[in-house]
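Q: Sending over a structure as structure tokens; questions will come in a sec.
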Amino acid sequence: MKVIFNKLPFKRVKCVATVGVFDGIHLGHQFILKKVRETARRKGLSSLLITFDIPPQQFLNKEKLLHHRRPEKAFIGSLTGRDEKIDLVSSLGIDYLWFLRTKRSLLRLSAKSFINYIQKYFNIKKLIVGEDFRFGHKGTGDLSDLGKLAREHRFNLSIIRKKAKNNKIISSSLIRQLIQKGKLSQAKQLLGRCFSLKGRVVKGRGIGSKLGFPTANISASDYLIPACGVYAAYVILGKKTYLSAINIGIMSRLGKAKGLVVEAHILNFKKNILGKPIKIVFLEKLREEKKFSSSGDLINTISKDIKHLTSKYSAFLI
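First residue of the sequence shown: 10, per the working numbering; consecutive thereafter.
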């Protein structure tokens with residue numbers, strides 16, 4: 010798969026394409042991308058996904074905050090980072106992945122100007138989009154507008170109905186809601202995989218080490234963070250996988266802390282990984298966040314968490 014950021018092709022490639030944020034690459038997204046791939050192969054064309062290097066909502070929120078204005082709609086975090094999106098799209102057999110550079114001038118393009126822009130670099134013969142597709146400045150372009158532009162540019166248009174799983178319409182917004190509530194098994198059914206996030210290990214306060222359960226504090230900016238509580242997970246460090254207990258909380262276990270804290274107690278692990286990249290793959294929520302009156306109660310509860318973790322997920326132990 011060829012990934013495009015700034016260096017656009019000199020020659021317009023004939024392709025079957027889709028366009029959108031595609032955050033999560035969930036089962037609904039996967040259906041569209043497989044349809045793009047299969048249609049392209051059948052027609053002897055290339056397949057293309059056009060997406061954004063920064064989610065538009067995140068970009069707009071940061072712009073407003075920089076100008077000390079309150080965002081109209083809060084950005085609560087992404088389901089997938091750029092690297093993970095590349096891996097997932099590549100695994101689906103797409104030929105080209107084009108990351109549009111999210112900037113003010115791009116987001117201000119009218120619906121017609123937006124289609125003109127993408128057609129300038131790729132010769133789209135067929136465009137496949139979901140039934141809720143909106144495009145152009147503030148999403149003013151709808152499917153009716155897209156149909157007119159398809160006729161003008163002489164490409165075919167295919168509209169895909171929303172997909173459902175267990176009587177629930179699959180959408181990135183629903184998946185975010187489920188993860189925010191700690192309902193990871195339901196989110197997994199719609200994503201088609203366990204929810205994960207990537208971050209970097211940062212310096213903590215060393216409370217876990219003093220209790221006998223050292224933790225790695227994770228900075229995972231721009232990712233959606235699950236609901237507060239304790240989770241079973243495995244972490245990936247380099248090429249190795251380790252079973253872990255993840256604590257997410259607004260407060261520390263014995264007191265208050267500033268901001269949201271994501272901590273990983275990695276089982277059978279003693280290396281210094283400060284500053285290292287880390288990936289957390291969430292398996293299930295073990296319990297709600299608690300405030301303990303004594304360190305003894307806390308140690309007993311953590312011991313029970315780890316016992317449950319090791320008995321259920323022994324396959325991840327190394």
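Where a beta carbon is used, it is the ideal one built from N, C-alpha and C, also for glycine.
Secondary structure at Leu246, three-state DSSP: helix, strand or coil?
A: strand
Q: Can you tell me which of the three DSSP states Arg46 falls into?
A: helix
Q: Would you kindly check if the distance between the Cβ of Tyr240 and the Cβ of Leu8 is under 8 Å?
A: A question about residue 8 goes unanswered here, because the residues of the chain that appear run from 10 up to 327.
Q: Quick check on this structure: which residue in Leu276, Ile63, Leu200 has the alpha carbon closest to the alpha carbon of His38?
A: Leu200
Q: Would you list the residues sitting across from His317 in a DSSP beta bridge?
A: DSSP output for His317 lists no bridge partner at all.
Q: With distances taken between CB atoms, is the gap from Ala26 to Ile59 smaller than 8 Å?
A: yes
Q: Quick one: Cα of Ser56 to Cα of Gln128, how far?
A: 14 Å
Q: With DSSP as the reference, identify every bridge partner of Ser55, one or two as the case may be.
A: In the DSSP assignment, Ser55 forms a beta bridge with Cys24.
Q: Looking at Ile179: is its Cβ nearer than 8 Å to the Cβ of Lys190?
A: no
Q: So, are the CB atoms of Leu118 and Phe164 less than 8 Å apart?
A: No, Cβ-Cβ distance for Leu118 and Phe164 is not below 8 Å.
Q: When the Cα atoms are used, what is the spatial distance from Glu140 to Val270?
A: 38 Å
Q: Just to confirm my understanding: we take Lys197, look at its own chain, exclude 5 residues before and 5 after, and list those with CB closer than 6 Å. What are they?
A: Spatial neighbours of Lys197 in its own chain (CB-CB distance under 6 Å, excluding positions within 5 residues in sequence) are listed in chain order as Cys203.
Q: Going by the DSSP bridge assignment, what does Ser253 pair with across the sheet?
A: DSSP links Ser253 through a beta bridge to Ala242, Ile275.
Q: Contact defined as beta carbons within less than 8 Å: I believe Ile289 pairs with Ile227. What is the distance between those atoms, to the nearest angstrom?
A: 7 Å
Q: Under the rule that 16 or more other beta-carbon atoms within 10 Å means buried, what is Pro18, buried or exposed?
A: exposed
Q: According to the Cβ coordinates, are Lys43 and Leu101 closer than 8 Å?
A: yes
Q: For Glu140, which of helix, strand or coil comes out of DSSP?
A: coil
Q: How many Å lie between Thr111 and Asp154 at the Cα?
A: 22 Å
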